[in-house]
Amino acid sequence: MRSRPDGLLEQLDILMKRRKISEDETFGLLRRVSQERDIKPRDIARQICERGDIDYRG
Numbered sequence: 001m002r003s004r005p006d007g008l009l010e011q012l013d014i015l016m017k018r019r020k021i022s023e024d025e026t027f028g029l030l031r032r033v034s035q036e037r038d039i040k041p042r043d044i045a046r047q048i049c050e051r052g053d054i055d056y057r058g
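Everything in the sequence shown is counted per full-length UniProt numbering, starting at 1 for the first residue and increasing by one.
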C-alpha cells in the first residue's frame, strides 16, 4: 500500500477487507465519498475506525 499519514492505511485496510475490494477501488471510493460529501479523507478514516465501514453504497 502507498504511504499515508495518521493511520489512514489501517482504516483503508479495514474497508478493503469488509467490502472485499482492491486497494485501487478503496482509494477510488474514498475519493468519491470525500468529493461528494465535501469531507476530508481523515474524517472518513475516523468514521471507518468508529463504525468499521463508511455509509456509502454508490
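For every residue, glycine included, the Cβ atom is placed at its ideal position computed from N, Cα and C.
Leaving out five residues before and five after residue i in sequence, what residues of the same chain have Cβ atoms less than 7 Å from its Cβ?
i, result
"D53", "L15, R18"
"I44", "L30, V33, S34, I54"
"T26", "L12, L15, M16"
Verify whether the separation of the beta carbon atoms of residue i and residue j is less than 8 Å.
i, j, result
"L8", "R32", "no"
Looking only at its chain, what residues have a beta carbon closer than 6 Å to the beta carbon of residue i, apart from the 5 residues adjacent to it on each side?
i, result
"D24", "none"
"Q11", "A45, I48, C49"
If I measure Cβ to Cβ from residue i and keep anything under 8 Å in the same chain, skipping five residues before and after, which residues do I get?
i, result
"K40", "S34"
"I21", "L15, L29"
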